[in-house]
Amino acid sequence: MTASLLRTTVWAALYLLATIAGRLTIMEGSSLSLVWPAAGVSIVWFATQRKARIRWLDPVALALITVAVNVATGAPLVLALWFVVANLVQAAVFMRTFERLCPHLWGAGGDELLARSADLWRLLVATCAGAAAGALVGPVAVWLTTGQYRWSDGAVWLLRNVVSILLISAVGFRLGYHHSTGWPLKRARPGRLFEYAALVVCSLTAYGAGFGVSHLPLAFPLLTVTVWAALRLHTTFVVLHDLSLGAIAVLFTLHGNGPFAAVPSHPVRALLAQGFVGLIAVVGLSIALGRDERTELMDRLAAATREAEAQARLVTTIVNSMSEGVSVVRPDLTWAMRNPAAVSLLGGVTSADGTVARPDYYGITLPDGSPLPPQEMAHTQALAGEEVRGQEVLVRNAGIPEGRILSISATPLPDEAGAVIVFHDVTADRRHRDELSSFAGVVAHDLLNPLTTIDGWAENLADTLETMPKDDPAVRDAGDSLARITRASSRMRHLINDLLAYTTARNAAIAPVDVALRDLVDEVTNARTDLAAAAGTPTPEFTLGHLDDVRADPVLLRQLLDNLIGNAVKYTAPGTIPRITISSTVDEDALVRVELTDNGIGIPPGHHDAIFTNFHRAHRSSGYAGTGLGLAICKRIVERHGGSISVTDNPAGGSRFTFTLPPAESKLAPAPAAV
C-alpha cells in the first residue's frame, strides 16, 4: 500500500506540472490550450496504477488537480469540473480500447514491449478513440459554459490530445517496460556514441534554424533528422527525440517564431503545429519499429538457419553412422544421397554417371539366383507410387564374392520428389533360419526316428500277444505294459513336435504377406471335419462370420488357427458336438480382431492368463492329453506379428479366444469358386 501511495504522489506531481504547462498555452480568445501534455501523463498514470490497492485515489487526485489548476488559471469552476469529466472519460475509453487491442503489451496487462508496427497502429486507434471521447465532452462543455462553439475548438482539442497521448504514452510504456524488466544497457561503441551526439547537435541546429528564423519555411524538411534517428538509433531514444523536437516546435510557435507563427488564425496555427508534431511522432515510431521488426526477423531467420544447419549435421551424422543403408533416388534415377552403408552393402559398386544402374550391374538377383527384372527393383516400384516392404535380393559381385542377402524397403516421397530406399543385411538372419531348419531336421530324424522304432516293435509285440491265450495272466500283464509303452511313446512324440513348433514360432524369421483369412480358416476347419469323420468322433459344426484379410506369415498363421481350433474341438464334454464360431472386426487401432468362440468345458477360474505360459495345463486331472505348449505357441505367434491374445468365458458356456493381427496392405482378390 505504501508503494502504491508513493506512485500516486509521484504521478500526481507530474500531472500537476503537465496541467500547469498546458494551461500556460491557452489560445487567445479561447478557454482551450494549444497543447495538453496532461492527457498523455494521465494515460501512463492510470496504466501504471492498474493494479493499485487503492484505485479510487488516482481519479480523485486527478480531479482535484484539474479543478485547482484550471480555477487558479482563470477557468470557471463549472468548466473545470467538465474538464475533469472529459479527462476521465478520455482515459477510460483509451484504457478499455488499448486493453482490448493490445492485451500483450506492458501497460495493457501484458508483459511485452511496444516493439512492432502493428502495435503502433493499435496504440494510435486507442489514442484516437480516447481523444474523440474527450472531444465530445470538453468542447461541448465550453459551448455550454460560454455560449460559443467552433468546430476548430473541437479539432484542436482532438488533435492536441491525440499527439500528447501518442507521444507520452509511447515513451511511458517503453520506459515502464524497461523499468520493470531491467534496462538493456550495453557498452556502446565510440562510433555509435558519436552518432548519438551528432544527431542531437544536428537536430538542435536544424530546429533552431527552422523555427528560430521566421522567414525560412523549413518545417517539413526537418523530418530528415527524425528519419535519421529512426533508421539508426535505439527506438526508446527515437521516441524521446520525437517528444523533445515536438516540444521545441510548439514552444517556438507559442513565442511567435517559426513557419507556423505566421498563420493569423490561432486554431489553424495550433492545428498545423500539432499536425507537425504528430507527423514526426508517427514517422519516427513507424520507421524505428519497422526496423526493429526487420532486425528481429533477421535474427530469427539466422537462428533458424543455424538450427537447421545443426539439425542437418546431426541427421547426416546419424545417417552416416547407421549400419543400414539409406539412399534417396530422384525421379530421373540419379542419387540424391547415399550413406556409406548403402555403398558398402552393395559391395562398393557405384555407377560412373551417378545414376541407378541395372540389377546385373550390381550383381543383384533374386534369392534363388535367378535374374531380377529391372521393373521389380524396389526403387522402380517406389517411383511408380508403390510402397515396398522387405523385398529380399541376393547381391554377389567382386566386392562380395561370397554373396549377401539384403532386405530392401522403399517409400515414395511426397510431391513426386523421388523415393527413399533402405537396405538391411539379413544374411546372418537367413543363416540362423537355415541353421534352425537344419536343427529341426536333426530333431525330427534323431529323436523321432527312435520313437518310430519303438512304435514298430510295440506293434509287433501287440500282434504276437494277439496270438497268445487271453486268459493267461502273464499275457494280460504284458498287454498292459505294452499299452503304457505305446502311450508314453505317443506323449513323447507330441512333446517333441510341440517343442519343435514352439522353437520355430519363437526364433524363426517370419515372412508376412497378405493372407485371405477366410480361405485359410476354411482349409483348417475342413481338415478338422475330415479328421473327426475318420476317427469316428462327433463332427464339429463351424460358423464363420465376416473374416478380414490380414498380413501374416501363412505357415505360422495356419499353426495358430490349427492349435486354437484343435483345442476347441478337444476340450469338449463327451457326447457333445463341438460348435465353434469364428469372426473378425477391425478395432480402433486398425488391427484385425479375430474371435473364436466354442461350447467346450471352459477355463477354470484363475487360469485365464496362466494357460498361455509354457507347460501350463488347466485340465491336468480331467483326462485330457496335452503338453501345455499349444497356447504358448499361439501367444508367441501372435506377439511376433505385433498383436495380442486373450481368453474370456463364453456366457453361453465354453470359451472365447480373441487375438489381433495387422490388416492386409492391399485388397485381396476373392478365391475362385469350387467347381
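In the UniProt record's numbering, the protein residues as written are 1 to 675.
C-beta atoms are modelled at their ideal positions from N, C-alpha and C, and glycine is treated no differently.
Note that this is a predicted model, so its numbers are computed, not measured.
- Cβ-Cβ separation between W82 and A141: approximately 3 angstroms, consistent with a contact (criterion under 8 angstroms).
- Around the beta carbon of V521, 16 or more other beta carbons lie within 10 angstroms, which makes this residue buried.
- Of the candidates L631, P663, F657, T648, the residue whose Cα lies closest to the Cα of G642 is P663.
- In the structure shown, I577 adopts coil according to DSSP, grouped into three states.
- Between I611 and L596 the beta-carbon gap is near 14 angstroms, outside 8 angstroms, which marks them as no contact.
- V586 sits exposed, since fewer than 16 C-beta atoms from the chains shown fall within 10 Å of its C-beta.
- Spatial neighbours of G390 in its own chain (CB-CB distance under 7 angstroms, excluding positions within 5 residues in sequence) are listed in chain order as S407, S409.
- Below 8 angstroms, enough C-beta pairs join the region 276-288 and the region 228-243 to call them touching: three or more.
- For S203, the uninterrupted alpha helix (DSSP H) run begins and ends at 190-212, by DSSP.
- The secondary-structure analysis by DSSP pairs V586 across a beta bridge with V592.
- Relative to the Cα of L345, the nearest Cα in the group D368, L383, P367, I405 belongs to I405.
- Taken through DSSP and simplified to helix, strand or coil, R116 comes out as coil.
- Straight-line measurement puts the Cα of C634 at about 17 angstroms from the Cα of S583.
- Counting other Cβ atoms within 10 Å of its Cβ, A75 reaches 16 or more and is therefore classed as buried.
- Contact check for T97 against G130 passes: the beta carbons are separated by less than 9 angstroms.
- Counting of Cβ neighbours within 10 angstroms places I637 among the buried residues, the total reaching 16 or more.
- In the three-state DSSP reduction, Q391 falls in the strand class (E or B).
- Segment contact: the region 56-75 against the region 150-162, fewer than three CB-CB distances shorter than 8 angstroms; contact not assigned.
- Counted as a single uninterrupted DSSP element, the stretch harbouring H641 is not any alpha helix (DSSP H), since DSSP gives it neither H nor E.
- Your pair S323 and A341 checks out as a contact, with CB atoms roughly 6 angstroms apart and the cut at 8 angstroms.
- Collapsing the DSSP output to three states places V263 in coil.
- Judged by beta-carbon spacing, H424 lies beyond the 9 angstroms limit of G575, meaning their Cβ atoms are not closer than that value.
- Fewer than three beta-carbon pairs drawn from the region 248-268 and the region 84-95 are found closer than 8 angstroms, and the two stretches are therefore not classed as touching.
- If the five residues before and after R116 are omitted, its C-beta is found closer than 7 angstroms to the C-beta atoms of L289, E293, all from its own chain and listed in chain order.
- Between V238 and L167, the CB-CB gap reaches or exceeds 9 angstroms.
- Exclusion of the five residues before and after A261 leaves T253 as the residues of its chain whose Cβ lies within less than 6 angstroms of its Cβ.
- Under the three-state reduction of DSSP output, H178 falls in the helix class.
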